[in-house]
Amino acid sequence: MLVDLHSHTTFSDGRSSHSEMVEAAIQRGIAVYGISDHLCFHDNPWTTKPHLFEDMRSTMAALKTGTSSAKILFGMEVDYVPGCESRVALLKADNGWDYIIGSVHYLGDWNIDSNAPDWEGKDVDATYSRYLDLLEEMVDTGLYNIVGHLDLPKKYGHYSSIDLTEKYLSIGQKIKAKNMAYEINTNGRIKPCNDFYPHRTIVELYHQLGVDVTLGSDAHHRDNVGQFFDEAAAMLRAVGYTRICYFEKGEKRYLPL
Numbered sequence: 044m045l046v047d048l049h050s051h052t053t054f055s056d057g058r059s060s061h062s063e064m065v066e067a068a069i070q071r072g073i074a075v076y077g078i079s080d081h082l083c084f085h086d087n088p089w090t091t092k093p094h095l096f097e098d099m100r101s102t103m104a105a106l107k108t109g110t111s112s113a114k115i116l117f118g119m120e121v122d123y124v125p126g127c128e129s130r131v132a133l134l135k136a137d138n139g140w141d142y143i144i145g146s147v148h149y150l151g152d153w154n155i156d157s158n159a160p161d162w163e164g165k166d167v168d169a170t171y172s173r174y175l176d177l178l179e180e181m182v183d184t185g186l187y188n189i190v191g192h193l194d195l196p197k198k199y200g201h202y203s204s205i206d207l208t209e210k211y212l213s214i215g216q217k218i219k220a221k222n223m224a225y226e227i228n229t230n231g232r233i234k235p236c237n238d239f240y241p242h243r244t245i246v247e248l249y250h251q252l253g254v255d256v257t258l259g260s261d262a263h264h265r266d267n268v269g270q271f272f273d274e275a276a277a278m279l280r281a282v283g284y285t286r287i288c289y290f291e292k293g294e295k296r297y298l299p300l
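Residues 44 to 300, numbered by my numbering, are exactly what the sequence shown covers, in order.
Written as structure tokens, this is what we have:
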């Protein structure tokens with residue numbers, strides 16, 4: 044039984060409606076499906092605007108009560124930037140999300156996720172180090188449930204020349220200590236890196252640590268819901284995972300893999 048906790052609709056930067064995304068999830072046999080539109084603390088075109096929050100809450104409530112063939116969850120992908128903690132806590136209390144995916148997209152004012160040319164001339168090793176420092180700070184806050192696209196800086200084919208194992212180890216230990224999870228984000232397979240986030244070596248490390256895992260397609264269109272899940276599930280089983288998790292009203296629950 045599979046879960047897909049990472050997807051976006053027309054409320055943020057997706058191209059399909061809530062109902063279209065849910066319909067696609069049901070058609071693909073997803074047992075637990077969560078919608079997690081963007082919430083950013085930078086002004087950009089892909090964050091959910093505050094005036095849409097009430098409509099989003101009512102839309103999700105209707106889907107939860109009106110859909111019987113899959114469990115529907117209300118999530119949010121919330122950026123981490125230093126100093127955002129009080130805002131995240133207030134938004135979490137006001138919106139009643141089942142879970143929060145925590146993501147780092149910005150290093151200062153640089154959005155590392157959207158424009159390949161912006162990487163020109165950048166120090167790749169320093170970028171990875173700063174990104175992972177922010178990811179670790181995010182986990183330390185205890186405000187998030189799932190770590191999103193854990194090795195995102197590789198998206199455009201940039202890889203660190205230094206061994207980051209100890210840093211990933213530290214982050215994994217903290218994810219476990221905070222009773223969080225990390226996702227296998229399958230959207231990386233359609234990006235220049237052509238790889239899941241995170242790479243299998245990190246998945247193997249986190250399985251050894253006993254860190255819980257979930258699945259997210261990071262779909263922005265109904266056609267991408269559950270993309271590459273058979274491949275991702277096979278990889279998880281090969282590594283040794285026997286279950287995946289999801290969060291409902293902030294509580295971690297499990298399904299057999």
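Ideal Cβ positions, reconstructed from N, Cα and C, are used throughout, including at glycine.
Looking at the C-beta of residue i, does it have a partner C-beta in chain B at a distance below 8 Å?
i: residue 246; result: Reference to chain B is not applicable here, since this structure consists of a single protein chain.
Measure how close the beta-carbons of residue i and residue j come, nearest whole angstrom, since I'm counting them as under 8 Å.
i: residue 80; j: residue 52; result: 6 Å
i: residue 284; j: residue 256; result: 6 Å
i: residue 91; j: residue 55; result: 5 Å
i: residue 82; j: residue 134; result: 7 Å
i: residue 175; j: residue 214; result: 7 Å
i: residue 369; j: residue 113; result: Absent from the structure is residue 369, since the part of the chain shown begins at 44 and ends at 300.
i: residue 293; j: residue 141; result: 7 Å
i: residue 300; j: residue 280; result: 6 Å
i: residue 245; j: residue 199; result: Incorrect: roughly 19 Å between the Cβ atoms, too far for contact.
Name the residue from the options whose alpha carbon lies nearest to the alpha carbon of residue i.
i: residue 203; options: 166, 186, 188, 237; result: 166
i: residue 298; options: 292, 286, 275; result: 286
i: residue 209; options: 276, 76, 179; result: 179
i: residue 254; options: 151, 224, 57; result: 224
i: residue 243; options: 221, 277, 222; result: 277
i: residue 96; options: 76, 136, 177, 201; result: 136
Among the residues of its own chain, which have a CB less than 8 Å from the CB of residue i, if the five just before and after it don't count?
i: residue 161; result: 153, 154, 155
i: residue 270; result: 229, 230, 232, 233, 260, 262
i: residue 62; result: 106
i: residue 235; result: 159, 198, 199, 200
i: residue 100; result: 117, 138, 139
Please work out which residues of its chain come closer than 7 Å, Cβ to Cβ, to residue i, disregarding the five sequence neighbours upstream and downstream, and give them in chain order.
i: residue 181; result: 123, 145, 147, 187
i: residue 131; result: 121, 186
i: residue 250; result: 282, 283, 284
i: residue 221; result: 182, 185
i: residue 71; result: 268, 269
Hey, how far is the Cα of residue i from the Cα of residue j?
i: residue 107; j: residue 138; result: 15 Å
i: residue 259; j: residue 48; result: 5 Å
i: residue 219; j: residue 183; result: 11 Å
i: residue 50; j: residue 295; result: 19 Å
i: residue 169; j: residue 64; result: 37 Å
i: residue 216; j: residue 105; result: 38 Å
i: residue 158; j: residue 149; result: 12 Å
i: residue 85; j: residue 171; result: 21 Å
i: residue 282; j: residue 88; result: 38 Å
i: residue 197; j: residue 164; result: 15 Å
i: residue 201; j: residue 57; result: 26 Å
i: residue 237; j: residue 94; result: 36 Å
i: residue 128; j: residue 291; result: 21 Å
i: residue 151; j: residue 207; result: 21 Å
i: residue 274; j: residue 177; result: 30 Å
i: residue 76; j: residue 173; result: 32 Å
Which residues in the same chain as residue i place their Cβ atom closer than 6 Å to its Cβ, once the five residues preceding and following it in sequence are excluded?
i: residue 241; result: 193, 194
i: residue 59; result: 264, 265
Does the distance from the CB of residue i to the CB of residue j come in under 8 Å?
i: residue 247; j: residue 190; result: no
i: residue 268; j: residue 74; result: no
i: residue 45; j: residue 239; result: no
i: residue 143; j: residue 118; result: yes
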